[in-house]
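Q:
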Amino acid sequence: MTTGCAQLTETAKKIWGSSTAALERARVDGLRKTYLCTFAECYDAVLGLARTAEEQEAKAQQEEEAKRAAEEGEGSGAEPGLAQEQKLAADGKFFDVFLKDSRQKHIVAIGIAGNVGTTEVGIFFEEAGPSAIKIEISSLSSTAKRRAAQVVFEALDKRFSPVL
Numbered sequence: 006m007t008t009g010c011a012q013l014t015e016t017a018k019k020i021w022g023s024s025t026a027a028l029e030r031a032r033v034d035g036l037r038k039t040y041l042c043t044f045a046e047c048y049d050a051v052l053g054l055a056r057t058a059e060e061q062e063a064k065a066q067q068e069e070e071a072k073r074a075a076e077e078g079e080g081s082g083a084e085p086g087l088a089q090e091q092k093l094a095a096d097g098k099f100f101d102v103f104l105k106d107s108r109q110k111h112i113v114a115i116g117i118a119g120n121v122g123t124t125e126v127g128i129f130f131e132e133a134g135p136s137a138i139k140i141e142i143s144s145l146s147s148t149a150k151r152r153a154a155q156v157v158f159e160a161l162d163k164r165f166s167p168v169l
């Protein structure tokens with residue numbers, strides 16, 4: 006019965022337009038790094054890089070205001086939401102969490118700066134030993150994958166020892 010539910014859930018995600026299957030397949034070309042930490046520590050550290058719901062709402066409002074101003078000819082020529090994006094990045098917030106599943110050990114991030122807001126990036130966590138976690142970052146967008154990997158790996162490098 007569980008298989009049927011999982012299959013139904015995956016079908017619903019495909020209809021809705023979101024499935025981790027494509028991100029799973031893209032893991033072959035993913036960027037990876039292993040750290041000495043527990044799964045919970047690593048997972049929480051990556052979630053700490055995500056914008057809160059309030060920050061996501063503020064970003065959306067600012068983008069809408071910039072779009073309206075540009076349509077009315079009041080635009081400054083700056084990319085909508087760029088100032089807000091830079092402010093949030095300065096606060097250590099780099100993406101929105103679209104999906105997260107600690108049991109399946111993955112996070113799907115969107116809202117990566119410089120990419121279409123709905124571009125999905127998969128962040129996968131895999132046990133690599135008794136106290137080591139391998140992180141794999143995949144996306145159908147090589148730019149989004151590289152930017153997310155840079156941010157995630159830089160943050161994790163500061164907190165945990167990488168395994169060489």
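Under this note's numbering, residues 6 to 169 are what the sequence shown spells out, in order.
Ideal placement from N, C-alpha and C gives every residue a C-beta, glycine not left out.
1) Taking Cβ to Cβ, would you say GLY119 is nearer than 8 Å to ILE142?
2) Grouping DSSP H, G and I as helix and E and B as strand, with all else coil, what is VAL121?
3) Taking VAL33 as the reference, which of GLY116, ILE140, GLY122, ALA55 has the closest Cα?
4) Please list, in chain order, all residues of the same chain as GLY134 whose beta carbon is under 6 Å from its beta carbon, the five residues on each side excluded.
5) Rounded to a whole number of angstroms, what is the C-alpha to C-alpha distance between GLN89 and GLN67?
6) Can you name, in chain order, every residue of its own chain whose Cβ lies under 6 Å from the Cβ of SER166, other than the five neighbours on each side?
7) Using a 10 Å radius around the Cβ and a threshold of 16 neighbouring Cβ atoms, would you call THR123 buried or exposed?
8) On the DSSP letters alone, give me the boundaries of the alpha helix (DSSP H) that GLU46 sits inside.
9) What do you reckon, are the CB atoms on SER107 and TYR48 nearer than 8 Å?
10) Per DSSP, which one or two residues make a beta bridge with LEU104?
11) DSSP state of THR7, grouped into three classes?
12) When you compare only the Cα positions, how much space is there between LEU36 and PHE129?
13) Which one of GLU62, ALA55, LEU169 has the shortest CA to CA distance from VAL113?
14) Pop quiz: ALA74 and SER144 are said to be a contact at Cβ under 8 Å. What is the actual Cβ separation, rounded to whole angstroms?
15) Can you tell me whether DSSP reads PHE4 as helix, strand or coil?
16) Is the beta carbon of VAL157 closer than 8 Å to that of VAL51?
17) Which term fits ARG152, buried or exposed, when burial requires 16 or more other beta carbons within 10 angstroms of its beta carbon?
A: Let's see:
1) As a position in the sequence shown, residue 119 is number 114, starting the count at 1. As a position in the sequence shown, residue 142 is number 137, starting the count at 1. Their beta carbons are not under 8 Å apart, which means GLY119 does not touch ILE142 by this criterion.
2) Indexing the sequence shown from 1 puts residue 121 at position 116. Correct three-state label for VAL121: coil.
3) Translated into the one-based positions of the sequence shown, residue 33 becomes position 28. Nearest of GLY116, ILE140, GLY122, ALA55 to VAL33, Cα basis: ILE140.
4) If you number the sequence shown from 1, residue 134 lands on position 129. Here the set comprises nothing.
5) Position 84 of the sequence shown, counted from the first residue, corresponds to residue 89. Position 62 of the sequence shown, counted from the first residue, corresponds to residue 67. Only weak support is given to the placement of GLN89: the predicted model assigns it a pLDDT of 46, under 50, and the value that follows is read from those uncertain coordinates. Cα to Cα, GLN89 sits roughly 7 Å from GLN67.
6) Taking the first residue of the sequence shown as position 1, residue 166 is located at position 161. Once the five neighbours on either side are set aside, the close Cβ partners of SER166 are LEU41.
7) Looking up residue 123 in the sequence shown gives position 118. Classification of THR123: exposed, given that the 10 Å Cβ count is below 16.
8) On the sequence shown, residue 46 is found 41 positions in, with the first residue counted as 1. 44-52 is the extent of the alpha helix (DSSP H) around GLU46.
9) Counting from 1 along the sequence shown, the entry for residue 107 is found at position 102. Counting from 1 along the sequence shown, the entry for residue 48 is found at position 43. Cβ atoms of SER107 and TYR48: closer than 8 Å.
10) In the sequence shown, counting from the first residue as 1, residue 104 sits at position 99. LEU104 pairs with VAL113.
11) Within the sequence shown, numbered from 1, the residue matching residue 7 stands at position 2. Its pLDDT being 47, under 50, THR7 is placed unreliably in this model, and the coordinates cannot settle the point.
12) Here the question's residue 36 lines up with position 31 in the sequence shown. Here the question's residue 129 lines up with position 124 in the sequence shown. Those two C-alpha atoms are separated by around 10 Å.
13) In the sequence shown, residue 113 corresponds to position 108, counting from 1. Nearest C-alpha to VAL113: ALA55.
14) Position 69 of the sequence shown holds residue 74. Position 139 of the sequence shown holds residue 144. Not confirmed; about 31 Å, so no contact.
15) With the chain represented from 6 up to 169, any question about residue 4 goes unanswered, as that position is not in the structure.
16) As a position in the sequence shown, residue 51 is number 46, starting the count at 1. As a position in the sequence shown, residue 157 is number 152, starting the count at 1. Going by C-beta atoms, VAL51 is nearer than 8 Å to VAL157.
17) Looking up residue 152 in the sequence shown gives position 147. The residue is buried, with at least 16 neighbouring Cβ atoms inside 10 Å.
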